[in-house]
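Residue numbers (the working numbering): 7 to 325. Glycine is no exception: its CB is placed at the ideal position from the N, C-alpha and C atoms. Just below is one structure, and these are the notes that go with it.
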């Protein structure tokens, strides 16, 4: 298993870039869009045309599967849209990291092509209202294709010594949430980069998303929900796969083992036996991974504002 990355975009991904050399004609907000495309869509052109008229600073369309439509043709019709085609296998987090590195705006709206995207997806006044506090991430209310509310508020908890997450579809404006469902949200780009972005060594979409989100809380940042920011899915809602694969160990080491002592983060040596119980990779590999995580925490020790125990104890679900 790869070592934990220390910096943003530590993994450099080979990719093809098409278009995006023309600036959008009418920029009305300091927000860019990163559109994640997971499959072919008959509405791709319509979606990109709509986004092009919304006043975004730039539009990045990530295309891991580009065989379903003619990118060159769309690029000629929409020269301000930048298409990025990864030339190797990538995770959702990899795609967002790429998008963040391609734009210069203060905030980045991460969307998926499975969402219904209209001209009202994010208006300038709403963008200004959502970003005025400078929060790391602002999460929208989400509806399924039948307009039923989805759980978007996630609260950390503990049950019999195990970390648990409590979901809720009932929210109030400005309420805290642990992470953005399906990666969808409005991110502060500079804070995203300072947090290191998504960890490419964690290949589970659920734990990769949760890793960065939980790290942001442990490092003093905040993710909140907005009831005036509303999106809905055109297609089926993705099911979060919480199965713990081997890369889950990085999530566990980076987020659940560190403790804050004397205003700094540390993984105590005594925690190794606790980790060994959770690990399935043998004593020597477990010790290697544990030492690697200790070095990572030590490098970032002054970034830690709290640890998982105190985060759970101090969490206010209706704040």
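In or out: residue i buried (at least 16 other Cβ within 10 Å) or exposed?
| i | result |
| --- | --- |
| residue 159 | buried |
| residue 202 | buried |
| residue 281 | buried |
| residue 69 | buried |
| residue 57 | buried |
| residue 170 | exposed |
| residue 89 | buried |
| residue 119 | buried |
Closer than 8 Å by C-beta to residue i: which residues in its own chain qualify, once you throw out the five before and the five after it? Chain order, please.
| i | result |
| --- | --- |
| residue 204 | 97, 98, 99, 100, 102, 103, 214, 215, 217, 218 |
| residue 307 | 270, 271, 272 |
| residue 179 | 231, 232, 233, 234 |
| residue 322 | 182 |
| residue 284 | 255, 258 |
| residue 13 | 202 |
With distances taken between CB atoms, is the gap from residue i to residue j smaller than 8 Å?
| i | j | result |
| --- | --- | --- |
| residue 238 | residue 121 | yes |
| residue 136 | residue 192 | yes |
| residue 79 | residue 24 | no |
| residue 22 | residue 93 | yes |
| residue 220 | residue 261 | yes |
| residue 249 | residue 186 | no |
| residue 152 | residue 241 | no |
| residue 29 | residue 86 | yes |
| residue 287 | residue 259 | no |
| residue 254 | residue 194 | no |
When the Cα of residue i is compared with those of the options, which residue comes out closest?
| i | options | result |
| --- | --- | --- |
| residue 124 | 322, 224, 53 | 53 |
| residue 269 | 58, 172, 303, 318 | 303 |
| residue 310 | 222, 323, 274, 34 | 222 |
| residue 60 | 131, 212, 82 | 131 |
| residue 117 | 66, 167, 129, 88 | 66 |
| residue 15 | 76, 40, 142, 198 | 198 |
| residue 149 | 34, 176, 109, 167 | 176 |
| residue 11 | 257, 324, 188 | 257 |
| residue 266 | 226, 39, 313 | 313 |
| residue 196 | 44, 107, 286 | 107 |
| residue 315 | 283, 224, 298 | 224 |
| residue 31 | 55, 134, 154 | 55 |
| residue 173 | 44, 324, 91 | 324 |
| residue 43 | 255, 189, 284 | 189 |
| residue 34 | 134, 13, 227, 40 | 134 |
| residue 51 | 38, 154, 84 | 84 |
| residue 129 | 290, 139, 38 | 38 |
| residue 40 | 115, 76, 17 | 115 |
Going by DSSP in three states, residue i sits in which element: helix, strand or coil?
| i | result |
| --- | --- |
| residue 220 | helix |
| residue 76 | coil |
| residue 353 | Residue 353 is absent from the structure shown; the chain starts at 7 and stops at 325. |
| residue 311 | coil |
| residue 272 | strand |
| residue 82 | helix |
| residue 25 | strand |
| residue 159 | strand |
| residue 30 | coil |
| residue 206 | coil |
Can you list, in chain order, the residues of its chain whose CB lies under 7 Å from that of residue i, leaving out five sequence neighbours each side?
| i | result |
| --- | --- |
| residue 8 | 207 |
| residue 318 | 162, 163, 164 |
| residue 36 | 63, 111, 112, 113 |
| residue 19 | 92, 94, 96, 100, 104 |
| residue 5 | Outside the displayed span of the chain (7 to 325) sits residue 5, for which this structure offers no information. |
Within its chain, find whatever has a CB closer than 6 Å to the CB of residue i; leave out the 5 residues flanking it on each side and keep chain order.
| i | result |
| --- | --- |
| residue 263 | 273, 277 |
| residue 246 | 212 |
| residue 292 | 282, 285 |
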